[in-house]
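Novice: Residue numbers (my numbering), protein chains in the order written: chain X, 1 to 323; chain D, 1001 to 1212.
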Amino acid sequence: MADVLSVGVNLEAFSQAISAIQALRSSVSRVFDCLKDGMRNKETLEGREKAFIAHFQDNLHSVNRDLNELERLSNLVGKPSENHPLHNSGLLSLDPVQDKTPLYSQLLQAYKWSNKLQYHAGLASGLLNQQSLKRSANQMGVSAKRRPKAQPTTLVLPPHPGEYGVLSHRLHRASWKRKDGKAGQCSLPSTNRPPRALCGKCRVTLGKVLKVIVVMRSLFIDRTIVKGYNESVYTEDGKLDIWSKSSYQVFQKVTDHATTALLHYQLPQMPDVVVRSFMTWLRSYIKLFQAPCQRCGKFLQDGLPPTWRDFRTLEAFHDTCRQ
Amino acid sequence: MGVTCVSQMPVAEGKSVQQTVELLTKKLEMLGAEKQGTFCVDCETYHTAASTLGSQGQAGKLMYVMHNSEYPLSCFALFENGPCLIADTNFDVLMVKLKGFFQSAKASKIETRGTRYQYCDFLVKVGTVTMGPSARGISVEVEYGPCVVASDCWSLLLEFLQSFLGSHTPGAPTVFGNRHDAVYGPADTMVQYMELFNKVRKQQQVPVAGIR
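(1) Give the residues of chain D in contact with Ala-128(X), contact being defined as C-beta atoms less than 8 Å apart.
(2) By Cβ distance below 6 Å, which residues in the same chain neighbour Cys-1153(D) in space, the five residues on each side in sequence not counted?
(3) Give me the DSSP bridge partner(s) of Glu-1013(D).
(4) Among the candidates Ser-1016(D), Leu-1028(D) and Leu-1078(D), whose CA atom is the shortest distance from the CA of Thr-1189(D)?
(5) Let me check understanding here. Comparing Cα to Cα, which of Gln-249(X), Leu-210(X), Ile-53(X) and His-87(X) lies closest to Ile-286(X)?
(6) Looking only at C-alpha atoms, which of Ala-1049(D), Glu-1111(D) and Gly-1127(D) sits nearest to Lys-1099(D)?
(7) Quick check on Val-166(X): buried or exposed, where buried means 16 or more other Cβ atoms within 10 Å of its Cβ?
(8) Of all Cβ atoms in chain X, is any one closer than 8 Å to the Cβ of Glu-1143(D)?
(9) Can you check which of these residues, Phe-1122(D), Tyr-1119(D), Asp-1042(D) and Ile-1110(D), is closest to Thr-1089(D) by C-alpha distance?
(10) Is the Cβ of Met-1001(D) closer than 8 Å to any Cβ of chain X?
(11) According to DSSP, simplified to helix, strand and coil, what is Tyr-1071(D)?
(12) What's the call for Lys-227(X), buried or exposed, on a 16-neighbour Cβ count within 10 Å?
(13) Give a yes or no on contact between the stretch 306-323 of chain X and the stretch 240-258 of chain X, applying the rule of three or more CB pairs nearer than 8 Å.
(14) According to DSSP, what are the bridge partners of His-1226(D)?
(15) Output the distance between the C-alpha atoms of Asn-88(X) and Tyr-104(X), rounded to the nearest integer angstrom.
(16) Helix, strand or coil for Gln-22(X)? Go by DSSP, reduced to three states.
(17) Would you say Ser-1139(D) and Val-1006(D) are within 8 Å of each other, going by their C-beta atoms?
(18) Need the endpoints of the beta strand (DSSP E) that Ile-1110(D) sits in, please.
(19) Does any C-beta atom of chain D lie closer than 8 Å to the C-beta of Gly-297(X)?
(20) Please list, in chain order, the residues of the stretch 1150-1177 of chain D that have any C-beta partner in chain X closer than 8 Å.
(21) Please work out which residues of its chain come closer than 8 Å, Cβ to Cβ, to Gly-1032(D), disregarding the five sequence neighbours upstream and downstream, and give them in chain order.
(22) Identify the continuous beta strand (DSSP E) that holds Gly-90(X) and give its terminal residues.
(23) Counting only the same chain and skipping the five closest in sequence on each side, list residues whose C-beta sits under 8 Å from that of Arg-146(X).
(24) Between Glu-1111(D) and Met-1131(D), what straight-line distance do the alpha-carbon atoms span, to the nearest angstrom?
(25) Kindly indicate the opening and closing residues of the alpha helix (DSSP H) around Ala-1182(D).
(26) What runs of the alpha helix (DSSP H), each 4 residues or longer, lie entirely inside the stretch 233-298 of chain X?
(27) What do you reckon, are the CB atoms on Val-1191(D) and Cys-1084(D) nearer than 8 Å?
(28) Output yes if chain X places a C-beta closer than 8 Å to the C-beta of Asp-1181(D); else output no.
(29) Quick one: is Arg-72(X) buried, meaning 16 or more other Cβ sit within 10 Å of its Cβ, or exposed?
(30) Is the CB-CB distance between Leu-1156(D) and Leu-206(X) below 8 Å?
(31) Do the stretch 11-26 of chain X and the stretch 41-57 of chain X touch if we need at least three Cβ pairs shorter than 8 Å?
(32) My assumption, with CB atoms under 8 Å, is that Thr-1115(D) sits in contact with Lys-1035(D). Please give the rounded CB distance.
(33) Could you pull the start and end residues of the alpha helix (DSSP H) that Glu-231(X) belongs to?
(34) In the DSSP assignment, find the unbroken beta strand (DSSP E) run with Phe-1122(D) in it and report its ends.
(35) Residues of chain D with CB closer than 7 Å to the CB of Val-250(X), please, in chain order.
(36) Considering only C-alpha positions, which residue in the set Ser-244(X), Thr-224(X) and Leu-304(X) is nearest to Leu-282(X)?
If you want it as structure tokens, here you go:
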């Protein structure tokens, strides 16, 4: 409101400035008139020139005077709407015919909305940066060169004491097998080569329950396919088959859950922790056919055993019982 | 192949074998199982020939030669409690040549035929056991494909069996007990069928009420 009042006070200066502009305009047009008319008839050529120059000078002086007057007035007027949050558009509030042109209220509304939008967008971007869904450090803006060189990681799952009893040792036996068929621990190559060359696949056999084909991109697990223990995981030409799915519904379901787990265990800065957590989670499937659902206590629901394993407690649930 | 449980379903009171089978298949269809063709398991008994017996001084062992439509190119030869041989179907021709050692028992052929049902990962085969022209009983085979260790999925199988056999749910087959955590194979199924057929043969002397 203060702005509006100050604008009102300066109205007099405005009218003076307007008349000053008019004066300036008329004096400028007099200069051009004088130039257009040229020299008047005088007796001598010298007299003619003198009179013309004097007249021209007079006119220029008056232009100068008017200009100075305008500049003085313009300082008085100042910049009336500079402090207004809506800048010049704030002047719209001065419009007396509100009913016909409700521009100002609409403008305020729009301004409020855009402010709110900006605020929420800021919050959202903060949250998204915290819980990044991006799957590699590359995409996080950390250049591949600056990434610490990963040491060849040996991933061995520690045997689970007590809880699984006899079965845990079987799991401990669950060996990593590389695609060359050699059994043993899966040591992943270091990142000396360009990341593209680091795509690898390994076969993980879990007891006598299931086989998992793990497709890795550098140290990140890209895709997993779960198949039955008695299903073939090789294509006709003897390569690991990373595309076809299991013919059993239960393993198709477990494949889906494993993909969910991949998205759940995301820590782009510590890929080895991700692999370890994922493998620990996968290990809970050793009791795929033995553990009843922790909620309904049954083995079967729609012909399927409890295929879901809780990410934290590793307890078994049916897909529909887990909520 | 997965873990399989073969059991005998008693004929319902006041019903014929055919009617009981129909009742069972109706229950399966209600459960959501889909019909998938037919199946057949047959078994022929062979005696050890008398000439070989004398030299060894042992009681004659019975050998069973069986076929299963699930494995159309194979032939199974089993001794009771003994080894199980899995051979090509040509084995039948070989048995003719071995007449001197193994003699086919007369009218001993027993077989079960019926419909194959698929429900999720379960394969259910309900068959009528026939010996000669007459129906002797009902066989129910349930296979759970994804699992290969019998002891792992027995509770799960039991729950499934209960869902359509009700009070006639069988106990764990004896082959399950012997195997611990070994991988289940087709021979184990054939042993179960052999035991079932032997049981049905013994019932022959004491006709079960309800079989017409």
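Note that the Cβ used here is the ideal one computed from N, Cα and C, for glycine as well. Note that the structure is a prediction, hence the values are computed from the model and not measured.
Specialist: Quick answer:
(1) In the first sequence, residue 128(X) corresponds to position 128, counting from 1. Per the sequence shown, residue 128(X) should be read as Leu rather than Ala. Ordered by position in chain D, no residue passes the 8 Å Cβ test against Leu-128(X), which lies about 39 Å from the chain.
(2) Translated into positions along the second sequence, residue 1153(D) becomes position 153. Cβ neighbours of Cys-1153(D) beyond the five flanking positions: Val-1003, Tyr-1144 and Cys-1147.
(3) Your numbering for residue 1013(D) matches position 13 in the second sequence. In the DSSP assignment, no residue is bridged to Glu-1013(D).
(4) For the purposes of this step, residue 1189(D) is identified with residue 189 of the second sequence, where counting begins at 1. Among Ser-1016(D), Leu-1028(D) and Leu-1078(D), the Cα nearest to that of Thr-1189(D) is on Leu-1078(D).
(5) By 1-based counting over the first sequence, the position of residue 286(X) is 286. Of the listed residues, the one whose Cα sits closest to Ile-286(X) is Leu-210(X).
(6) Within the second sequence, numbered from 1, the residue matching residue 1099(D) stands at position 99. It is Ala-1049(D) whose Cα lies nearest to the Cα of Lys-1099(D).
(7) In the first sequence, the residue the question calls residue 166(X) occupies position 166. With a pLDDT of only 32 at Val-166(X), under 50, the local geometry of the prediction cannot be trusted, and no value is derived from it.
(8) Taking the first residue of the second sequence as 1, we reach residue 1143(D) at position 143. Under the Cβ distance rule, Glu-1143(D) does not count among the residues neighbouring chain X, no pair being separated by less than 8 Å.
(9) Here residue 1089(D) refers to the residue found at position 89 of the second sequence. Nearest option by C-alpha distance: Asp-1042(D).
(10) Within the second sequence, residue 1001(D) is the residue found at index 1, counting from 1. Any Cβ of chain X closer than 8 Å to the Cβ of Met-1001(D) would place that residue at the interface, and such an atom is present.
(11) As a working mapping, residue 1071(D) is identified with position 71 in the second sequence. In this structure, Tyr-1071(D) counts as coil in the three-state DSSP scheme.
(12) Counting from one through the first sequence, the residue named residue 227(X) turns up at place 227. Classification of Lys-227(X): buried, given that the 10 Å Cβ count is 16 or more.
(13) yes
(14) Nothing can be reported for residue 1226(D), as the shown portion of chain D is limited to 1001 through 1212.
(15) Numbered from its first residue, the first sequence carries residue 88(X) at position 88. Numbered from its first residue, the first sequence carries residue 104(X) at position 104. Each residue's Cα considered, the two are about 11 Å apart.
(16) Numbered from its first residue, the first sequence carries residue 22(X) at position 22. Looking at Gln-22(X) - three-state DSSP - the assignment turns out to be helix.
(17) For this step, residue 1139(D) is matched to residue 139 along the second sequence. For this step, residue 1006(D) is matched to residue 6 along the second sequence. With a cutoff of 8 Å on beta-carbon distance, Ser-1139(D) and Val-1006(D) are scored as near each other.
(18) Here residue 1110(D) is taken as the residue at index 110 of the second sequence, counted from 1. Run containing Ile-1110(D): 1110-1119, per the beta strand (DSSP E) assignment.
(19) The residue given as residue 297(X) occupies position 297 in the first sequence. No, because no Cβ of chain D sits closer than 8 Å to the Cβ of Gly-297(X).
(20) Asp-1152, Cys-1153, Ser-1155, Leu-1156, Glu-1159, Phe-1160 and Ser-1163
(21) For this step, residue 1032(D) is matched to residue 32 along the second sequence. The residues are Tyr-1119.
(22) As a first step, residue 90(X) must be located in the first sequence, where it is residue number 90. Gly-90(X) -> no beta strand (DSSP E), and no H or E assigned at all.
(23) Walking along the first sequence from the start, residue 146(X) turns up at place 146. With a pLDDT of only 45 at Arg-146(X), under the threshold of 50, the placement of this residue in the model should not be trusted, and no figure is reported.
(24) Position 111 of the second sequence, counted from the start, is the residue given in the question as residue 1111(D). Position 131 of the second sequence, counted from the start, is the residue given in the question as residue 1131(D). About 7 Å.
(25) Counting from 1 along the second sequence, the entry for residue 1182(D) is found at position 182. Careful: Ala-1182(D) lies outside any alpha helix (DSSP H) and carries neither H nor E.
(26) 249-264 and 271-283
(27) Numbered from its first residue, the second sequence carries residue 1191(D) at position 191. Numbered from its first residue, the second sequence carries residue 1084(D) at position 84. Contact flag set, yes.
(28) Taking the second sequence and counting its residues from 1, one reaches residue 1181(D) at position 181. It does: the Cβ of Asp-1181(D) has a partner Cβ on chain X nearer than 8 Å.
(29) Translated into positions along the first sequence, residue 72(X) becomes position 72. With fewer than 16 Cβ atoms within 10 Å of its Cβ, Arg-72(X) is classed as exposed.
(30) Counting from one through the second sequence, the residue named residue 1156(D) turns up at place 156. Counting from one through the first sequence, the residue named residue 206(X) turns up at place 206. Going by C-beta atoms, Leu-1156(D) is not nearer than 8 Å to Leu-206(X).
(31) no
(32) Residue mapping note: residue 1115(D) aligns to position 115 of the second sequence, counting from 1. Residue mapping note: residue 1035(D) aligns to position 35 of the second sequence, counting from 1. Right, the Cβ-Cβ distance comes to about 6 Å (below 8 Å), so this counts as a contact.
(33) Counting from one through the first sequence, the residue named residue 231(X) turns up at place 231. DSSP places Glu-231(X) outside any alpha helix (DSSP H), giving it a letter other than H or E.
(34) As a working note, residue 1122(D) is residue 122 in the second sequence. That run of the beta strand (DSSP E) goes 1122-1131.
(35) On the first sequence, position 250 is the one that residue 250(X) refers to. Those are Asp-1121 and Pro-1146, listed as they occur along chain D.
(36) Along the first sequence, read from residue 1 onward, the residue named residue 282(X) stands at position 282. Closest by alpha carbon: Thr-224(X).
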